[in-house]
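Q:
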Amino acid sequence: PLVPMKELLSDAVARDYTVVQFNTDCIEITQAFLRTAEANRAPIIIGVGQGAAKDGKIEPIAAMLRDYCSRSKLPVSLHLDHSEDPAQVMQALRAGFTSIMIDGSARQLPENIAVTSEVVEMCRPLGVSVEAELGRIPGVEDDLVVSEDQANKVELSVVEEFVGKVTTDALAVAVGTAHGIYKSEPKIDFELLDQVLKATSTPLVLHGGSGVPDASLRKAFDMGIKKLNVGTELRLGFLKGVHAGVEAGDNIYACFERGRQIVDKLVFDKLKISRSEGKA
Ligand code: G3H
Ligand code: ZN
Numbered sequence: 002p003l004v005p006m007k008e009l010l011s012d013a014v015a016r017d018y019t020v021v022q023f024n025t026d027c028i029e030i031t032q033a034f035l036r037t038a039e040a041n042r043a044p045i046i047i048g049v050g051q052g053a054a055k056d057g058k059i060e061p062i063a064a065m066l067r068d069y070c071s072r073s074k075l076p077v078s079l080h081l082d083h084s085e086d087p088a089q090v091m092q093a094l095r096a097g098f099t100s101i102m103i104d105g106s107a108r109q110l111p112e113n114i115a116v117t118s119e120v121v122e123m124c125r126p127l128g129v130s131v132e133a134e135l136g137r138i139p140g141v142e143d144d145l146v147v148s149e150d151q152a153n154k155v156e157l158s159v160v161e162e163f164v165g166k167v168t169t170d171a172l173a174v175a176v177g178t179a180h181g182i183y184k185s186e187p188k189i190d191f192e193l194l195d196q197v198l199k200a201t202s203t204p205l206v207l208h209g210g211s212g213v214p215d216a217s218l219r220k221a222f223d224m225g226i227k228k229l230n231v232g233t234e235l236r237l238g239f240l241k242g243v244h245a246g247v248e249a250g251d252n253i254y255a256c257f258e259r260g261r262q263i264v265d266k267l268v269f270d271k272l273k274i275s276r277s278e279g280k281a
C-alpha cells in the first residue's frame, strides 16, 4: 500500500536500517523497482523528480504510480523530489503524493525556513511527509544545475537554527555527495555528518547516491543516515539495456525488459547495503 514517508523512516529508526528512494522516469523503470523490492521484501520510496514531473506529467504519472503502489504488498511512499515551488507541491498533493521534498536550498536561510514552513502547513493536515534541504548539493539533476561555486556544504549553525524554527520529517544535508555523474570519487565529509547527526534527531537524507562507493554508503548508514536518494545510475542502466535491445533488433517490450533487468540488479545492491532487505 501507499504510505507516508514518515512511517517508513520511523521504522528505519526503530529497526536500524536505511530506506532507499529510487527516482523514476517512466512506468517501465518503476516496474523494476517494485518487483525487486517485492522479491526482497523491502520498503521503498519512489521518487518523481523535476524531469519526470514536467510538461504536465504530475497528474498522469501520479495516477499510474498510485495504482501500482496501492496494489503492491509493500509499504511504498510516492515522493515529489526537489520541488522549489509551493504551487507545484499543491498540484502534487491533489494528485495523491504521500511525501514531498521542498528544496529551498537556493534561497537564503530565512526564505528557506519560510517556504519550508509554508509547505509543512500544506502537507501536515493531509498526513503527507515533508523533506527539506540544507546546504546546497552540487551537480545536475534534470533541469536543476548547481555549479561547484554555487554549492556549499551544510553548516552546523544553519542546522541548529533551521530545526529550531521548522519541523520536517526528513532533512537532506549537503555533506560532499553530488547529483549526476561524478568526475572524481565523491568524498563524504564524515566529520561534518557526525556533527549534524548530533545536532538533530530529524532523520537525515543523503542525496546523489549514484556512483558513491559501497564502503562510503555503508559507513554513512552505520553512522545514522536514514534515507538514500538514487537516480542517475538507474536511468543510465535502464538506457543501456534498452540500447542493447535496439542493437539486437528486439521489439520494444523486450528492450524495456533488458533495461529492467539491469535496474533490478542496481536496486538489489542498494537494498542489501541499506539493510532494508527483509524489513517489509
Ligand atoms: O534527489 C535525487 C538524488 O539525489 C539522486 O542523485 O542522480 O546522483 O543518484 P543521483
Ligand atoms: Zn537530490
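In the UniProt record's numbering, the protein residues as written are 2 to 281.
Here a beta-carbon is modelled for each residue, glycine too, at the ideal position from N, C-alpha and C.
1. To the nearest angstrom, report how far apart residue 225 and residue 276 are at their CA atoms.
2. Just to be sure I understand the criterion: a residue counts if its Cβ is closer than 5 Å to at least one heavy atom of the ligand G3H. Which residues meet that?
3. Residue 75 by DSSP, collapsed to three states: which one?
4. Give me the Cβ distance between residue 112 and residue 169, rounded to the nearest whole Å; I'm assuming they're in contact under 8 Å.
5. Could you tell me which of 29, 26, 75 sits nearest to residue 6, measuring between CA atoms?
6. According to the neighbour-count rule (16 or more other Cβ atoms, all chains shown, within 10 Å of its Cβ), is residue 40 buried or exposed?
7. By Cβ distance, which residues of its chain are closer than 7 Å to residue 159, with the 5 residues on each side in sequence left out?
8. DSSP puts residue 221 in a beta bridge; with which residues?
9. Is DSSP giving residue 47 helix, strand or coil here?
10. Report the CB separation of residue 205 from residue 229 in whole angstroms; it is logged as a contact under 8 Å.
11. Fully enclosed by the region 113-178, which beta strand (DSSP E) runs are 3 residues long or longer?
12. Can you grab the Cα-Cα spacing for the pair residue 235 / residue 264, in whole Å?
13. In this structure, does DSSP put residue 58 in helix, strand or coil?
A: Taking the geometry as given:
1. 12 Å
2. 82, 180, 208, 209, 210, 211, 230, 231, 232, 233
3. coil
4. Incorrect: roughly 16 Å between the Cβ atoms, too far for contact.
5. 75
6. exposed
7. 110, 135
8. Beta-bridge pairing links residue 221 to no other residue.
9. strand
10. Actually they do not touch by this definition, with Cβ atoms about 10 Å apart.
11. 130-135, 140-142, 145-147, 171-174
12. 6 Å
13. coil
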